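K.L.:
Below are the structure tokens for one structure; questions will follow.
Number of protein chains: 2
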Amino acid sequence: MSPDPARPFTVEPWLVREPKLDLDALGQVESVFALSNGHIGLRGNLDEGEPHAMPGTYLNSFYERRPLPYAEGGYGYPESGQTIINVTNGKIIRLLVEDEPFDLRYGHLHRHERVLDLQAGTLTREVEWESPAGRAVKVRSTRIVSLTQRAIAAICYEVEVLDAPALLVVQSELVANEQLPSRGDDDPRVEAALTDPLVAEQHRSDEAGATLLHQTRRSGLRVAAAMDHEVSGPNGFKTTSEATEDIGRTTIIARLAPGEKLSIVKYVAYGWSARRSQPALHDQVRAALAAARYTGWQGLLDEQRAYLDEFWTTADVEIDGDAELQQAVRVATWHVLQAGARAERRAIGAKGLTGEGYDGHTFWDTETFCLPVLSHLAPEAAADALRWRQSILPLAYERAEQLGVKGAAFPWRTIRGQECSGYWPAGTAAFHINADIADAVRRHVLATGDVEFEREVALELLVATARLWRSLGHHDSAGEFRIDGVTGPDEYTAIVDNNVYTNLMAQQNLRVAADTAARHARAAARLGVNAEEMASWRDAAKSMRIPFDEVLGVHPQSEGFTDHQVWDFESTPAKMYPLLLNVPYFDLYRKQVIKQADLVLAMQLRPDAFTPEQMKRNFAYYEALTVRDSSLSACTQAVVAAWTGHLDLAYDYLAEAALVDLNDLAGNSDHGVHIASMAGTWTAVAAGFGGMRNDGTGLQFSPRLPPALSRISFGLRWQGRQLRVEIRPEEAEYRLVSGPPMRLRHHGEPLALAEDPQIRPIGPVEWVEPVEQPHGRAPRARHPG
Amino acid sequence: MSPDPARPFTVEPWLVREPKLDLDALGQVESVFALSNGHIGLRGNLDEGEPHAMPGTYLNSFYERRPLPYAEGGYGYPESGQTIINVTNGKIIRLLVEDEPFDLRYGHLHRHERVLDLQAGTLTREVEWESPAGRAVKVRSTRIVSLTQRAIAAICYEVEVLDAPALLVVQSELVANEQLPSRGDDDPRVEAALTDPLVAEQHRSDEAGATLLHQTRRSGLRVAAAMDHEVSGPNGFKTTSEATEDIGRTTIIARLAPGEKLSIVKYVAYGWSARRSQPALHDQVRAALAAARYTGWQGLLDEQRAYLDEFWTTADVEIDGDAELQQAVRVATWHVLQAGARAERRAIGAKGLTGEGYDGHTFWDTETFCLPVLSHLAPEAAADALRWRQSILPLAYERAEQLGVKGAAFPWRTIRGQECSGYWPAGTAAFHINADIADAVRRHVLATGDVEFEREVALELLVATARLWRSLGHHDSAGEFRIDGVTGPDEYTAIVDNNVYTNLMAQQNLRVAADTAARHARAAARLGVNAEEMASWRDAAKSMRIPFDEVLGVHPQSEGFTDHQVWDFESTPAKMYPLLLNVPYFDLYRKQVIKQADLVLAMQLRPDAFTPEQMKRNFAYYEALTVRDSSLSACTQAVVAAWTGHLDLAYDYLAEAALVDLNDLAGNSDHGVHIASMAGTWTAVAAGFGGMRNDGTGLQFSPRLPPALSRISFGLRWQGRQLRVEIRPEEAEYRLVSGPPMRLRHHGEPLALAEDPQIRPIGPVEWVEPVEQPHGRAPRARHPG
């Protein structure tokens, strides 16, 4: 992770303020200020469209197909990929001041401030600008993507003339096939497939709005975008609209005297479908617009705040003693909510809907990092994401058959469900994604206690993945169950035997599938599960090989890993990181160098499989090898650092995870925010410092506060309850915010919790031998000394 | 290997006769009848150009660059590949008979016979054809690619009118940018790069010939082709020539009465260069033409036969008791000679110059299978191929640096020297190619005793490759020297630790480099080698890890291999082979299934590293796992089968290796012949049945005859001598054809050989436990019972 750049934001508890426009940080700020409800995503582009780093208007799962080329092909390589595309841009509002376009690159910018308000759920902007000809105007806009009305975004746009009368022309637009910066792809066919991806089908306008319908060229998806406006201002303004194939435009002309204000509320509605007809889709977005206008601008704002009030009651994490971290944790929670809130049986992508990074794909990190958090903060969003997985089971069965295995093989990366990975050693071979999905299912059932979900959704996913593992592994001559030739989470190691992470997760997958099938015997029978099959899962789980290096006293990440040469970190200058950009895979794979937590993640997710002593030794061993070239690492290292008594280090890692986008630590926040790292922030707090574990025997906490902080408080939903945990230096307080009495454990001791808060002491922290990171790869130290 | 198809050829000792035209076998026959001297290659296309399967005129190392695309790129992936291209076609001679084109697809074909004569080095053709209008002609053509005049091909073309007078027009052409069948590549950019690759630079004609100069569009190579004609026939024929950018054409018009003959000798000269100017290249080919005309047609034929008489004196293998195999072994030897004879410091490709398979690339098999044979049959050709490797050392040093290793990293596949592999797990990771080159160097020095070659060529190659191994491997904590994360010969296993083949070959590479440096201390010092470095090579060799499975009593092909699941051969139907076309790599890599000899090849090349008992057990173990989806396997299995007493099986494998193209066993002979399998035929005879070994302590033989054969005789060059070995059922005869007296060993017993032949008895063969192949993958049994 790179050192903090000069960050573009101020530190405030509930606001993210960009006090002045910084053209160099444009891409990062567009991502951090992206608004989304999980269905619609609008990057934080300026109202007038330019300057921009990357214009972005996304609809969840709306993609175009593109060729996947290979210098040397192979059986089972996917030939076609899926890429999220920029749909009809409905956030554009252009302004002409006496014939001069409002463009911040010209004239004088006296003030430019944008504020993301995490409690209001709005992005506001205030600009004072003087045109090259000397006309001064004040522009204030507020943008929301509604969390309550899924198809709706809205903008309130106000212009005031400051010193002299002026004729204003406001053009509010829908723009399809927007001209984008080049993707820099070296394959011209990919560029071609993604340039002007939308084919116009219909365009209409009425006095105050317009509707555009398009279909993608290859994937055959249809999108409708519609807008409507409410205008108020001095007498005599005029509103007209027009539409052509790729543009809908409402033009408002008004002459304003100094101090007068022109105020426009723009409602935008989106809908897409792979099946619905033009008239159906057209009417759908017009209906959404009608509902939004009925609710009104203030109504939308009120609904938004009420939704968020309810959310933050549970989800807010309070941190005393580090204002920057306090803000970052809230921003992280906000983006996790935005990614999942209204995704509703669609995938949650690695970047949410904040950018085009990773082509908009979803990976294993949604299940491993994001859903366990949503299960505790917004359980319906987690349930829906898992229902999406269930909905793509037919594709996963097909893929398994193609790969010669049984059960389901979920895609390593996808939008719609088909495998889109073009490099199988770090794609298809990473079968652990199937156990990761099963684990998210297991955690969700534990967190919610939702028996119907368990029977209708969880069971089928668990059975399908258990069948995969049973067929992917085999018993060796000594009777051990091996899983050979797969890739674990660490992408600097590939195609290995008995990756400990994979084997432990598969083991749990097999066990939980058998237990769940036993609990829902009739539903399981409908899936063809019988007692023999359940026994074969349990047997494989019981015989699962978990390699251990007796000489070093640690678990090798996979068979033989600890025999490999240790990477020469001393001779690796900082500019070589991330290594994958400067070193061939072959060299990374054959040496001990770790991109991201793998064995350490296994310890976080399967703490039951390690003794405390093993956990300490393993953590120290892998800490010295892990370079964190992936953002999917710091949060995990935070958790296990906290568990092994390295509280200061845990604090450093928590901050790294939380600040990844606010401080652009990975240098690529312009491609979208890092949803998994942000979700991991909550886990670092709750599981790490809170010591929260959740293994089926009940909820337990082992809270510990790092010396530099004076208080941490976090909340969660637990089987229909709302719970809050506060960690203070020498005690912890548990409070049931809502729901029936419950039992939990505090540092192993049972505790009954009802209406009254319970306070329990926290013992002193034992001293532990410090651990070391590879040369130059220690996290930035936040703790004093 | 598929069962024999109805083969298009008759069985004769020295001829390959195609008694009638079979349009379905066109591609295979074009490859088998391809003529080459290692510099020029002409596929066996019909004189008149069509019908064809693939027109082919190749110049060694004349290639075009093409893009190598990746769905997901990576550091160190080559961006540009090299593909052999069809250059100016000089073998076209079209005929018009009274306005009707001579085209075998029309009219009546009364007779069509082609004969490849392995002693004359010619391809002749005799046709009797009646035009749709009823005019009968007899055409006889003889084609040679001169082994003595490297730039020259020539055709003698005779037409006779059979029953009525006819006006004949013969058009003899040079055609550049010939229209080719589509490559079927799914990447249109590749198709584009290779369509019309030649840009015209110059065209000239004179009365009886023409010259064309072109340059490739991307690789910037320049090619000149020129032709000249000698015509004889009844009075009144007329010869004119013309040239345009892509066509040179000499037209001969003659009116023939029945029984009269028109006879044309066409001389074609080729030259290419990356540096020489148009005038220089133009003059070069005209000079070659002048020399050829000075020699004359009969002179070229005489030279060709004399060259081959000399060659066959040593190279001929006689087999009594199997006429088909006798022919096949000669054809195999012929193609190996053609591939290498006049390559002269250019690469010898996997298909020689007989087709475009594998893009015309050279791989490790040239060094492992082909050069050890040439070192004994045509030593200068082997020396030149190794000098080519030396000439690309600068590129290999560069590649090593890019990969983060020291010394030289030779390309897995290339024409000019740059890595062209687009799939690194089965390309760049197959580092064994470097030890294979070193081994070819070692064998060449042993075979020839050429001290100057050792000092000037061998030493540098050995040092460069030893340095690679020293840096690629490392000592583990137990002091063993490991080589992790590489791929051995078997392409159904990849990226493994301590591949036994690789480690044994690297061990020898390190030792021989140290020994050679010690013998040439001053030359070694100039390469920066000092005593410390030599000691570090010897030390690494001494500590080399060679894994052994104590439970099974066999060597695992690589670390952990024998723990993997055995492929389910019983459930794999014949149509699934070759597996790589129907199964993903991931499934092949993680199971015990072997494409081609790997550990067994290690036993062939490093017999000193195995006890006789290990060799037997290993052979039986790997025989049961090897499916021979590669043609680089049967010959090796033949050798080790013979050594372990499986003489019948060795005989079956020898036949499979020898017949690969005559019987199109791999189903892809249309892409070019399998040079390595053909070379392996000689090795199966000499090393397998002859028991020839060559380890620096002197030459030894342990001859054994399979019961079904009554005699095998083979010859070789040995340190300036010509030697012949004849194996009869109960005795072997050694004869020194030329050169000074020598010592050798017969079944371990010393034997002094001078003028008089020596006969020694062969003991009876011990009975051995039969071995088994995977279900359905046994070679076709030739032996009775």
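Protein sequences, first through last, are from chains A and B. Taking UniProt numbering, the leading residue of the first sequence gets 1, the next gets one more, and so forth. Taking UniProt numbering, the leading residue of the second sequence gets 1, the next gets one more, and so forth. Don't be surprised by glycine CBs; every beta carbon is placed ideally from N, CA and C. Because the structure is a prediction, the values reported are computed rather than measured.
For the region 405 to 439 of chain A, enumerate the residues whose C-beta is nearer than 7 Å to any C-beta of chain B, in chain order.
P.N.:
Within the region 405 to 439 of chain A, the qualifying residues are Gly422, Tyr423, Trp424, Pro425, Thr428, Ala429.
K.L.:
State whether the region 109 to 119 of chain A contacts the region 304 to 316 of chain A, with contact taken as three or more CB pairs (one from each stretch) at a distance under 8 Å.
P.N.:
The answer is yes - the region 304 to 316 of chain A touches the region 109 to 119 of chain A, with three or more Cβ pairs under 8 Å.
K.L.:
Less than 8 Å between C-beta atoms, sequence neighbours within five positions excluded: which residues of the same chain meet that for A/Ala574?
P.N.:
Gly776.
K.L.:
Is there a Cβ from chain B that is less than 7 Å from the Cβ of A/Tyr492?
P.N.:
Taking Cβ atoms only, chain B never reaches closer than 7 Å to A/Tyr492, which makes this a no.
K.L.:
Specify whether the region 749 to 764 of chain B and the region 607 to 619 of chain B touch according to this definition: at least 3 beta carbon pairs, one from each stretch, less than 8 Å apart.
P.N.:
With a cut-off of 8 Å, the region 607 to 619 of chain B and the region 749 to 764 of chain B do not count as touching, because too few Cβ pairs lie within range.
K.L.:
B/Gly74 touches chain A at which residues, Cβ-Cβ below 8 Å?
P.N.:
The answer, in chain order, is Tyr423, Leu580, Pro584, Tyr585.
K.L.:
Starting from B/Leu497, find everything on chain A with Cβ-Cβ shorter than 8 Å and list it in chain order.
P.N.:
Per the sequence shown, residue 497 of chain B should be read as Asp rather than Leu. Residues of chain A passing the Cβ test: Gly560, Asp563, His564, Arg590.
K.L.:
By Cβ distance, which residues of its chain are closer than 8 Å to A/Thr244, with the 5 residues on each side in sequence left out?
P.N.:
Once the five neighbours on either side are set aside, the close Cβ partners of A/Thr244 are His203.
K.L.:
Within a Cβ cutoff of 6 Å, which residues of the same chain sit near A/Glu98, ignoring the five residues on either side of it in sequence?
P.N.:
These residues qualify, in order along the chain: Arg135, Ala166, Leu167.
K.L.:
Give the range of the alpha helix (DSSP H) segment to which residue 787 of chain A is assigned.
P.N.:
Given that chain A is displayed from residue 1 to residue 785, the structure contains no residue 787 of chain A and the question cannot be resolved.
K.L.:
On the premise that B/Ile495 lies in contact with B/Pro425, defined as a C-beta separation below 8 Å, what is that separation, rounded to the nearest angstrom?
P.N.:
Between B/Ile495 and B/Pro425 the Cβ distance is about 5 Å, and since that is below 8 Å, they are a contact.
K.L.:
With 9 Å as the C-beta to C-beta threshold (strictly closer), list the residues of the region 53 to 75 of chain A near chain B in chain order.
P.N.:
Taking 9 Å as the Cβ-Cβ cut-off against chain B, the residues of the region 53 to 75 of chain A that qualify are Pro67, Leu68, Pro69, Tyr70, Ala71, Glu72, Gly73, Gly74, Tyr75.
K.L.:
Which residue or residues does DSSP assign as beta-bridge partners of A/Pro750?
P.N.:
DSSP lists A/Arg745 as partners of A/Pro750.
K.L.:
Would B/Asp484 count as contacting chain A if we go by Cβ distances under 7 Å?
P.N.:
It does: the Cβ of B/Asp484 has a partner Cβ on chain A nearer than 7 Å.
K.L.:
Just to confirm, is the Cβ distance from A/Thr516 to A/Leu462 under 7 Å?
P.N.:
Yes, the Cβ-Cβ distance between A/Thr516 and A/Leu462 is below 7 Å.
K.L.:
Residues in the region 80 to 98 of chain B with C-beta within 9 Å of chain A's C-beta atoms, listed in sequence order?
P.N.:
Hits within the stretch, in order: Gly81.
K.L.:
Does DSSP classify A/Ala290 as helix, strand or coil?
P.N.:
Correct three-state label for A/Ala290: helix.
K.L.:
To the nearest whole angstrom, what separates the beta carbons of A/Ala210 and A/Thr250, a pair I think is in contact under 8 Å?
P.N.:
Contact holds; Cβ gap of about 7 Å.
K.L.:
Give the list of continuous beta strand (DSSP E) stretches no shorter than 3 residues that lie fully inside the region 371 to 456 of chain B.
P.N.:
List check, beta strand (DSSP E) in window: nothing returned.
K.L.:
What number of angstroms, rounded off, separates the C-alpha of B/Trp129 from the C-alpha of B/Val32?
P.N.:
The straight-line gap from Cα to Cα measures roughly 24 Å.
K.L.:
Quick one: complete beta strand (DSSP E) runs, 3+ long, within the region 28 to 56 of chain B?
P.N.:
Listed in chain order, the complete beta strand (DSSP E) runs (minimum 3 residues) inside the region 28 to 56 of chain B are 40 to 42.
K.L.:
Assuming B/Ala650 and B/Ala641 are in contact, meaning their beta carbons sit under 8 Å apart, how far apart are those beta carbons, in whole angstroms?
P.N.:
Confirmed, about 4 Å.
K.L.:
Using CA coordinates, which residue listed in B/Val500, B/Ala525, B/Ser571 is at the minimum distance from B/Arg545?
P.N.:
Nearest of B/Val500, B/Ala525, B/Ser571 to B/Arg545, Cα basis: B/Val500.
K.L.:
Hey, quick one: how far does the beta strand (DSSP E) through B/Arg711 stretch, first residue to last?
P.N.:
Looking at the DSSP string, the run of the beta strand (DSSP E) that includes B/Arg711 is 711 to 718.
K.L.:
At a CB-CB cut-off below 8 Å, which residues of chain A make contact with B/Asp629?
P.N.:
By Cβ distance, chain A contributes nothing, its closest Cβ being about 12 Å from B/Asp629, past 8 Å.
K.L.:
Check the DSSP bridge columns for A/Glu126 and list the partner residues they point to.
P.N.:
The partner list for A/Glu126 (beta bridge, DSSP) reads A/Glu113, A/Arg140.
K.L.:
Would you mind reading off the limits of the beta strand (DSSP E) that contains A/Glu533?
P.N.:
Note, A/Glu533: premise wrong, no beta strand (DSSP E); alpha helix (DSSP H) at 531 to 542.
K.L.:
Answer with yes or no whether the minimum CB distance from A/Asp476 to chain B is below 7 Å.
P.N.:
Judged by the 7 Å Cβ criterion, A/Asp476 is in contact with chain B.
K.L.:
Taking the alpha-carbon of residue 786 of chain B as reference, which of B/Ala657, B/Val725, B/Gly748 has the nearest alpha-carbon?
P.N.:
For residue 786 of chain B there is no data in the structure shown, the boundaries of chain B being 1 and 785.
K.L.:
First and last residue of the beta strand (DSSP E) that includes B/Phe701?
P.N.:
Where B/Phe701 is concerned, the enclosing beta strand (DSSP E) stretches over 699 to 701.
K.L.:
Applying the 10 Å Cβ sphere with the 16-neighbour rule, what's the burial state of A/Gly785?
P.N.:
Only weak support is given to the placement of A/Gly785: the predicted model assigns it a pLDDT of 49, under 50, and the value that follows is read from those uncertain coordinates. Flag for A/Gly785 reads exposed.
K.L.:
List the endpoints of the continuous alpha helix (DSSP H) containing B/Glu623.
P.N.:
612 to 623 is the span of the alpha helix (DSSP H), which, as asked, contains B/Glu623.
K.L.:
Just mark A/Pro78 as buried or exposed, buried being the case when its beta carbon has 16 or more other beta carbons within 10 Å.
P.N.:
Flag for A/Pro78 reads buried.
K.L.:
Quick check on DSSP: helix, strand or coil for B/Gly785?
P.N.:
Legend: pLDDT at B/Gly785 = 49, less than 50; position of this residue unreliable, value from coordinates given subsequently. Note: B/Gly785 maps to coil in three-state DSSP.
K.L.:
Give me the Cα-Cα distance between A/Val765 and A/Ala466, rounded to the nearest whole angstrom.
P.N.:
Their backbone Cα atoms lie some 40 Å apart in a straight line.
K.L.:
Using the rule of at least 16 other Cβ atoms within 10 Å of the residue's Cβ for burial, across every protein chain shown, is A/Asp302 buried or exposed?
P.N.:
The residue in question, A/Asp302, is exposed, as its Cβ has fewer than 16 Cβ neighbours within 10 Å.
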